[in-house]
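Asker: Mind looking over this structure? Questions follow.
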Amino acid sequence: MDTLSQPTRTLNFDAFWRWLQEHTNCILRCGSADTTLFDHDDFHWVLMEEERQHVVQVLKGKSLVAEMVMAGREVTEVTLSADPETGSEGHFLVELFGGPKEDPQVIYHFIMAHGMEPAAGHQGFKH
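Residue numbers (the working numbering): 45 to 171.
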């Protein structure tokens, strides 16, 4: 089956954040309009919440490489669909929208190694 023909899934930010916390090793890339964080074999991802902010960090050992701070309360909708650039590899694009209801904009994005369906045997492994 062609992964690009799969429908877009829509959910709220809290549901996505809970799912993402269980799939940190599945993040391939994430970013906003002014930053992009990339995965690497030497790095690991850490997610946390601080003062109503959602923080995504990339660490090498115990050293901070980069971080992205998201205002989750600004996210009005989250969509997940096959990534148009790497969908043939099974990657998924997650877009977090914010702004006015009549003209929402992508304010954050994630490229994930798989969709929200359970991926067999992936826990604890790096993609």
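Built from N, CA and C at the ideal position, the CB exists for glycine as well.
Based on Cα-Cα distance, which residue from Glu-95, Trp-63 and Glu-66 lies nearest to Met-114?
Answerer: Comparing Cα-Cα distances from Met-114 to each of Glu-95, Trp-63 and Glu-66, the minimum goes to Glu-95.
Asker: Within the same chain, show all residues whose beta-carbon is closer than 6 Å to that of Asn-56, passing over the 5 residues directly before and after it, in chain order.
Answerer: Once the five neighbours on either side are set aside, Asn-56 has no close Cβ partner at all.
Asker: Would you decide whether Met-92 is buried or exposed? Buried here means 16 or more other CB atoms lie within 10 Å of its CB.
Answerer: Per the 10 Å Cβ criterion, exposed.
Asker: With distances taken from CA atoms, which of Leu-72, Gln-97 and Lys-104 is nearest Phe-87?
Answerer: For Phe-87, the nearest C-alpha among the options comes from Lys-104.
Asker: Using C-beta distances below 8 Å, list every residue in its chain close to Thr-79, excluding the 5 sequence neighbours before and after it, in chain order.
Answerer: Ala-110 and Met-112, listed in sequence order.
Asker: Going by DSSP, what residue range makes up the beta strand (DSSP E) through Ala-77?
Answerer: Where Ala-77 is concerned, there is no enclosing beta strand (DSSP E), given that its DSSP letter is neither H nor E.
Asker: Starting from Arg-62, follow the alpha helix (DSSP H) in both directions and report where the run begins and ends.
Answerer: Segment 57-65, the alpha helix (DSSP H) holding Arg-62.
Asker: Measure the alpha-carbon distance for Thr-130 versus Lys-106 and round it to whole angstroms.
Answerer: Distance between the alpha carbons of Thr-130 and Lys-106 is about 31 Å.
Asker: What separation, rounded to the nearest whole angstrom, lies between the Cα atoms of His-67 and Asp-147?
Answerer: If I take the Cα positions, the gap works out to 30 Å.
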